[in-house]
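Sequential numbering from 1 applies to the sequence shown in my numbering. Built from N, CA and C at the ideal position, the CB exists for glycine as well.
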Amino acid sequence: MRDIQMVLERWGAWAASEGGNVYYAPTAAGFSGLLPATRKSRPACSDDDGLIISSAMTVLKKKDSYLCMLLEWYYVNNMTLRGMAAKLGISLNQVVIRLQKAEGFIEGCLAALGVTLEMDRFVEREPVVAVPV
């Protein structure tokens, strides 16, 4: 079973980098690799995985754009939970609850599609094993 938070962290890094851009790059072709990185890099997913998760995000946006916005703020823009709570004027607990609801929706979309992501081997959740008494 995959850890949806790790999946969304990698998707957020992909969406924040040039992989998520649909428009033309501001750097001329052939020169983008020559420029130094302006930000600390995060582990990102592949383009195929990013597009799959983005399609699930599109479904969420049609269903509930508010929850989609929360995921984008948290995973793409790296906004803190407290910052989100202050901006929305709600409690930290409410932000966490709504974020979990949005994460569950994306996890459900991926499960319903039955897709295997390239990053699955890196984002597997450790199985919980009961210790005999």
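The alpha helix (DSSP H) that contains Y66, what's its start and end? Within the sequence shown, numbered from 1, the residue matching residue 66 stands at position 66. Per DSSP, Y66 belongs to the alpha helix (DSSP H) from S65 to L71.
Indicate whether I97 and A56 have their beta-carbon atoms separated by less than 7 Å. If you number the sequence shown from 1, residue 97 lands on position 97. If you number the sequence shown from 1, residue 56 lands on position 56. At a Cβ-Cβ threshold of 7 Å, I97 and A56 do not count as neighbours.
Classify D49: buried if its beta carbon has 16 or more other beta carbons within 10 angstroms, exposed otherwise. The residue given as residue 49 occupies position 49 in the sequence shown. D49 is buried by the Cβ-count criterion.
Buried or exposed for A102, going by 16 or more other Cβ atoms inside 10 Å? In the sequence shown, the residue the question calls residue 102 occupies position 102. Buried, since its Cβ has 16 or more Cβ neighbours within 10 Å.
By DSSP, does R125 sit in helix, in strand, or in coil? Along the sequence shown, one-based indexing puts residue 125 at 125. In this structure, R125 counts as coil in the three-state DSSP scheme.
Taking all protein chains shown into account, decide if Y23 is buried (16 or more other Cβ within 10 angstroms of its Cβ) or exposed. For the purposes of this step, residue 23 is identified with residue 23 of the sequence shown, where counting begins at 1. Confidence at Y23 is low in this model, with a pLDDT of 40, below 50, so the placement of that residue is unreliable and no value is reported for it.
Quick one: what does DSSP say R42 is sitting in, helix, strand or coil? Taking the first residue of the sequence shown as 1, we reach residue 42 at position 42. Of the three classes helix, strand and coil, the one that applies to R42 here is coil, per DSSP.
Let me know if I90 comes out buried or exposed under the rule of 16 or more other beta-carbons within 10 Å of its beta-carbon. One-based indexing of the sequence shown puts residue 90 at position 90. By the neighbour-count rule (16 or more Cβ atoms within 10 Å), I90 is not buried but exposed.
Short of 6 Å in beta carbon distance, which residues of its chain neighbour A111, apart from the five on each side in sequence? Order them along the chain. Numbered from 1 along the sequence shown, position 111 holds the residue referred to as residue 111. Here A111 has no same chain residue with a Cβ atom under 6 Å from its own Cβ, once five neighbours each way along the sequence are excluded.
For R2, the residue or residues it bridges with in DSSP: Against the sequence shown, residue 2 aligns to sequence position 2. Answer is E124, bridged to R2.
Buried versus exposed, by CB contacts within 10 Å (16 or more), E124: Residue numbering aside, residue 124 sits at position 124 when the sequence shown is read from its first letter. Its Cβ having fewer than 16 others within 10 Å, E124 is exposed.
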